[in-house]
Amino acid sequence: MNICRISAQIRKMYEAEVDADIGTWRDVLSNFDKTVEECSDVDILVKCLLEDDLWYIPFDSRMKLMEKAKSSGGCSFEFLADYYSFKTAFLDPGKEYDDAVVKLDELFQ
Numbered sequence: 054m055n056i057c058r059i060s061a062q063i064r065k066m067y068e069a070e071v072d073a074d075i076g077t078w079r080d081v082l083s084n085f086d087k088t089v090e091e092c093s094d095v096d097i098l099v100k101c102l103l104e105d106d107l108w109y110i111p112f113d114s115r116m117k118l119m120e121k122a123k124s125s126g127g128c129s130f131e132f133l134a135d136y137y138s139f140k141t142a143f144l145d146p147g148k149e150y151d152d153a154v155v156k157l158d159e160l161f162q
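Structure (structure tokens):
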């Protein structure tokens, strides 16, 4: 299944447009993580990330998606803004957080 379709399914489940029990959530998130690992198209990874503008994808899965997109060469302004904004919003203070704050400041200067 396409990673963007799975991401859309996650959004619909969060917005309660689709009735989902815990087993469905587990299956969908497992399928999402597997699809992220298998995807090698940076444009698809970035597109999926940017379509999740309300950050519905759970933290661990979103971090995997972001890191995969970044390591695959994602470098557009929109992607980097989302990448560093998410990190500054959710990471605990520390080196990785501090680095994200610096990069986000640099991006917007």
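For the sequence shown, this note's numbering begins at 54 and goes up steadily by one. In this text, a Cβ means the ideal position worked out from N, Cα and C, and glycines have one as well.
Query, Result
"Unbroken alpha helix (DSSP H) run spanning Ser60, endpoints", "56 to 67"
"Rounded Cβ spacing between Ile63 and Cys101 (contact assumed at less than 8 Å)", "No, Ile63 and Cys101 are not in contact; Cβ-Cβ is about 10 Å, not under 8 Å."
"Enclosing alpha helix (DSSP H) for Ser114 [first to last residue]", "112 to 124"
"Cys101 - containing alpha helix (DSSP H), residue span", "95 to 104"
"Residue interval of the alpha helix (DSSP H) (run including Leu133)", "130 to 143"
"Where Tyr150 falls: helix, strand or coil (DSSP)", "helix"
"Cβ contact (3+ pairs, closer than 8 Å) linking the segment 76 to 84 and the segment 115 to 126", "no"
"Neighbourhood of Val95 by C-beta, 7 Å cutoff - its chain only, sequence neighbours within 5 removed", "Ala122, Ser125, Gly126, Gly127"
"DSSP three-state assignment for Trp52, whether helix, strand or coil", "The structure shown does not extend to residue 52, since the chain spans only 54 to 162, so no value can be given for it."
"Secondary structure of Asp74, DSSP reduced to three states", "coil"
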